[in-house]
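Q:
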Amino acid sequence: MPLNWNKICADENTNKNASTLGSRLAELFQTLNTPSEISSDDWRQISPTIFGSRFQSVMDQERRRGIGAHYTTEKNILKILKPLFLDGLYEEFQSLRYEPRKLQNFHKKLQTLTFLDPACGCGNFLILAYRELRLLEIEVLKALYPTGQQAFDVAELSRINVDAFYGIEIEEFPARIAEVALWLMDHQMNIRLSETFGQYYTRIPLQASAHIHHANALQLDWETVVPKERLSYILGNPPFIGKNFLTEEQHKEMDKVFVGIPGAGVMDYVAAWYLKAARYIHHTPIVCAFVSTNSISQGEQVAILWQELIAHYQLKIHFAHRTFAWSSEARGKAAVHCVIIGFASFDTTNKLLHDYDTLKSEAHEFRVKNISPYLVEAEDIVIPKRSTPLCTVPEMMKGSQPTDGGHYLFSEQEKIAFLKIEPEATKFVRPFLGAEEFINRIPRWCLWLQEAEPAEIKRLPEVMKRIEAVRQFRLSSRKEATRKFAERPTLFTEIRQPKTSYILVPSTSSERRKYIPIGFMEPETVASNACLILPNATLYHFGILTSYMHMEWMRYTCGRLKSDFRYSNTIVYNNFPWPQNPTPQQVQAIETKAQAVLEARAQFPKSTLADLYDPLSMPPALSKAHQALDKVVDATYRKQPFETERSRVEFLFGLYQQLTAPLITALTKTSKQKVT
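In our numbering, the protein residues as written are 46 to 721.
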């Protein structure tokens with residue numbers, strides 16, 4: 046009785062029970078290895094990639110997160126395959142399809158191509174790469190041997206086989222799935238070849254097989270899988286695991302890969318594949334392309350990783366897809382914001398940048414002169430942490446940190462209860478704002494004893510209890526620095542509270558907002574270390590910081606907490622290229638429009654900043670005020686309007702490059718050094 050594989054793959058028991066899928070795969074292997082004349086199964090309509098999505102479906106969410114497994118749609122996989130090798134091969138084919146001798150050589154070239162996926166999962170990238178290569182071969186054979194014009198044996202002419210495909214997979218079960226699925230794709234392509242030329246062609250019983258290694262790709266020497274002299278392309282989607290979700294073992298793996306590289310502790314797991322690949326492809330013609338979470342091209346990770354890749358391994362980005370929503374075919378789809386980066390250790394003049402209007406829209410393709418690590422058209426520059434601002438502006442710093450075990454902090458109800466039994470402490474209780482409290486107008490308070498006289502404190506027994514609790518909390522810390530602060534328990538461990546009004550910038554803000562809500566605060570309001578503060582700031586500073594120009598810079602240089610923006614003074618603010626030499630009239634225009642933004646907010650006293658800056662509920666008056674501010678800020682940078690987000694970012698990176706030219710020159714010199 047023939048196997049109904051469409052039914053099997055859709056079967057709920059197969060979806061929910063991994064052991065059932067295993068027995069089905071064993072059955073599939075036996076059927077594939079059966080000579081066709083005694084097999085009654087029809088394989089033409091089965092998609093081999095379905096095994097990967099079904100395998101992900103039977104994994105629980107925690108296990109899926111632990112290994113960073115995200116199996117992928119064919120459409121998204123082709124975003125890698127086409128610029129990596131398919132487009133170039135088809136272009137070459139079209140240029141010589143009517144020249145038989147050159148076409149024969151081109152066919153031989155296809156036979157030599159080899160592929161490695163160093164995190165192959167169930168093999169979907171390899172499967173589709175094999176399919177596309179076989180489809181191209183069929184087109185080549187059709188051009189060489191038009192049907193009806195000459196006799197030939199198609200079995201002697203098909204030269205591409207699955208043994209040119211290599212994979213590394215840490216989980217044994219998906220590794221075996223990859224092997225079987227590649228055989229199935231081979232069988233389907235043989236059927237397609239048979240139908241094209243009217244000759245029956247099969248490779249059953251199976252002889253050649255893909256080289257799928259069950260191993261840890263970060264611990265394995267990739268040359269033991271395939272010598273780099275024999276490899277053409279590396280591709281795949283390494284695990285999507287953020288640094289905060291790494292296991293102890295994964296941290297150790299990262300430490301070994303990044304040994305000797307300062308700051309590597311902030312890197313996401315996928316970064317290790319980039320560095321392993323860079324070392325492997327150095328001084329070779331191999332081209333590599335990975336899908337990655339967009340953290341690889343944003344925030345503090347860029348400077349740490351790409352400084353190493355550019356300076357030591359001469360990596361050049363050949364093509365890239367900027368951030369888009371990466372969808373999976375599996376049940377419980379992964380909601381991940383990804384980028385695609387294609388790179389090699391040699392340069393190319395044919396660089397392609399793919400941009401998206403929205404996370405889920407279709408890509409626009411642009412030919413560019415160079416693609417920076419931030420995936421914009423700019424030079425190969427990285428933006429490191431800076432301790433002071435690049436331009437002449439006030440210093441931004443974190444707010445104050447209590448390190449108090451919660452004993453100095455109060456909700457509204459807790460404050461009322463505390464002051465009911467200790468009313469004389471009222472003068473020491475101040476508003477206390479973190480990012481969440483600021484944006485959502487959540488009342489929170491702190492006990493602020495910096496100016497308190499010892500005699501005053503001793504008359505307040507409830508305050509004394511809290512001081513002792515803080516002292517004990519600090520003494521119990523594993524950190525020596527925190528234990529030392531137990532010697533002065535009345536004070537916050539980090540005090541940066543301004544004596545005058547200041548600008549408050551929340552350290553985290555939703556990615557949905559076009560503008561990060563920032564505002565002026567009076568010195569009586571204590572900003573927590575979940576905020577950044579800018580003392581001695583003016584309306585001009587407020588206007589620039591809340592402008593769309595600054596927001597676009599922030600989007601590309603900030604880190605992320607999940608998908609939320611994570612603003613940094615050392616990277617975002619200190620490296621921001623402010624307008625150069627604005628005229629008094631330009632400064633005045635910005636201050637006037639900045640004040641209009643504050644006045645527009647004030648029209649809605651019952652609304653929080655979260656309400657005001659939600660894209661769905663932002664009042665037209667506030668939106669209009671921001672647009673007017675953006676217009677005058679843009680004009681301060683240049684007369685020509687900025688038509689797109691890309692044009693803004695590329696302009697800012699160009700200005701940054703001008704302001705940091707000595708640093709860029711130093712990086713360029715380093716990158717030219719030969720490293721063995």
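We put the beta carbon where it would ideally sit given N, CA and C, even for glycine.
It should be emphasised that the depicted structure is a prediction, and the values quoted were computed from it without experimental measurement.
Determine the direct distance from the alpha carbon of E507 to that of I466, and round the result to whole angstroms.
A: For I466 and E507, the distance between alpha carbons rounds to 8 Å.
Q: Can you give me the C-alpha to C-alpha distance between V347 and Y401, rounded to a whole angstrom?
A: Each residue's Cα considered, the two are about 21 Å apart.
Q: Since R475 and E569 are thought to touch, with beta carbons under 8 Å apart, how far apart are those beta carbons, to the nearest angstrom?
A: That pair is a contact at about 6 Å.
Q: Exposed or buried, which one is P284 when buried takes at least 16 other CB atoms within 10 Å?
A: Buried is the call here.
Q: Which two residues bound the contiguous alpha helix (DSSP H) that contains I326?
A: Where I326 is concerned, the enclosing alpha helix (DSSP H) stretches over A316 to I326.
Q: Could you confirm whether any beta carbon from chain C is found closer than 8 Å to the beta carbon of P665?
A: The displayed structure is made up of one protein chain only, and chain C is not part of it.
Q: Going by the DSSP bridge assignment, what does D162 pair with across the sheet?
A: DSSP, once it has assigned bridges, lists G212 as partnering D162.
Q: List the whole-angstrom C-beta distance separating G344 from T602, where the pair is believed to meet the contact cut-off of C-beta under 8 Å.
A: G344 to T602, Cβ: 6 Å. Contact.
Q: So, helix, strand or coil for I83, using DSSP?
A: The predicted model places I83 with a pLDDT of 40, which falls under 50 and marks its position as unreliable; any figure quoted below should be read in that light. It is helical.
Q: Less than 8 Å between C-beta atoms, sequence neighbours within five positions excluded: which residues of the same chain meet that for T159?
A: Excluding residues within five positions, the ones whose Cβ falls inside 8 Å are A209, F210, Y211, V271, R275, L276, S277 and Y278.
Q: Note down the Cα distance separating E298 from P307, rounded to an integer number of angstroms.
A: Cα-Cα distance, rounded: 16 Å.
Q: Can you tell me where the beta strand (DSSP E) holding R412 begins and where it ends?
A: Per DSSP, R412 belongs to the beta strand (DSSP E) from A408 to V413.
Q: According to DSSP, is F530 part of a helix, a strand, or is it coil?
A: Helix.
Q: Can you check DSSP and say which residues form a bridge with W490?
A: Its beta-bridge partners are F455 and P476.
Q: Excluding the 5 residues preceding and the 5 following H354 in the sequence, name in chain order all residues of the same chain whose CB lies nearer than 6 Å to its CB.
A: Rather than His, the amino acid found at residue 354 in this sequence is Leu. Closer than 6 Å at Cβ, skipping near neighbours: A323 and L360.
Q: What does DSSP give as the partner residues of G604 in its beta bridges?
A: BP columns for G604 point to R611.
Q: Grouping DSSP H, G and I as helix and E and B as strand, with all else coil, what is Q446?
A: It is a strand residue.
Q: Going along the chain, which residues of its own chain have a beta-carbon closer than 7 Å to the beta-carbon of L778, five neighbours each way excluded?
A: Because the chain here runs from 46 to 721, residue 778 falls outside it and cannot be looked at.
Q: Do P499 and R519 come within 8 Å of each other at the CB atom, strictly closer than that value?
A: Cβ distance not < 8 Å, so R519 and P499 don't count as in contact.
Q: Helix, strand or coil: how does DSSP classify A253 here?
A: In the structure shown, A253 sits in coil (DSSP, three-state: anything other than H, G, I, E or B).
Q: Whole angstroms are fine: how far does the CA of Y658 sit from the CA of L577?
A: Whole-angstrom Cα-Cα distance: 19 Å.
Q: How about the region 542-553 and the region 407-420: do they share at least three Cβ pairs that are nearer than 8 Å?
A: No: fewer than three Cβ pairs fall under 8 Å.
Q: Give every residue of the same chain whose Cβ lies closer than 6 Å to the Cβ of I257, excluding the five residues on either side of it in the sequence, and list them in chain order.
A: Excluding residues within five positions, the ones whose Cβ falls inside 6 Å are G212, A220, A223 and E224.
Q: My guess is that D313 and T329 are in contact by the Cβ rule of under 8 Å, so how many angstroms apart are they, rounded?
A: About 26 Å separates the two Cβ atoms, so there is no contact after all.
Q: Since R431 contacts N619 with CB under 8 Å, what's their CB separation in whole angstroms?
A: Their Cβ separation, rounded to whole angstroms, is 4 Å, which keeps R431 and N619 in contact under 8 Å.
Q: Check whether the Cβ atoms of I561 and Y593 sit closer than 8 Å, and answer yes or no.
A: Their beta carbons are not under 8 Å apart, which means I561 does not touch Y593 by this criterion.
Q: Taking buried to mean at least 16 other C-beta atoms within 10 Å of its own C-beta, is E57 buried or exposed?
A: Because the pLDDT of E57 is 42, which lies under 50, any placement of that residue in the model is unreliable, and the question is left without a value.
Q: Quick one: Cα of E240 to Cα of K120, how far?
A: For E240 and K120, the distance between alpha carbons rounds to 25 Å.
Q: Let me check one thing: in DSSP terms, what residues is C383 bridge-paired to?
A: According to DSSP, C383 bridges with T338 and F369.
Q: Indicate the three-state DSSP secondary structure (helix, strand or coil) for F565 in the structure shown.
A: Strand at F565.
Q: What three-state label does DSSP hand E539 in the structure shown?
A: Strand at E539.
Q: If you run the structure through DSSP and keep just helix, strand and coil, what is T705?
A: In the structure shown, T705 sits in coil (DSSP, three-state: anything other than H, G, I, E or B).
Q: Give the DSSP bridge partners of K361, in chain order.
A: In the DSSP output, where bridge partners are listed per residue, K361 has A389.
Q: Suppose contacts are defined by Cβ-Cβ distances below 8 Å. Is C436 in contact with W623 by that definition?
A: Yes, Cβ-Cβ distance for C436 and W623 is below 8 Å.
Q: Rounded to the nearest angstrom, how far is the Cβ of G281 from that of A164, given a contact under 8 Å?
A: That pair is a contact at about 5 Å.
Q: Straight-line CA distance for R516 to A531?
A: Rounded to the nearest angstrom, the two C-alpha atoms are 5 Å apart.
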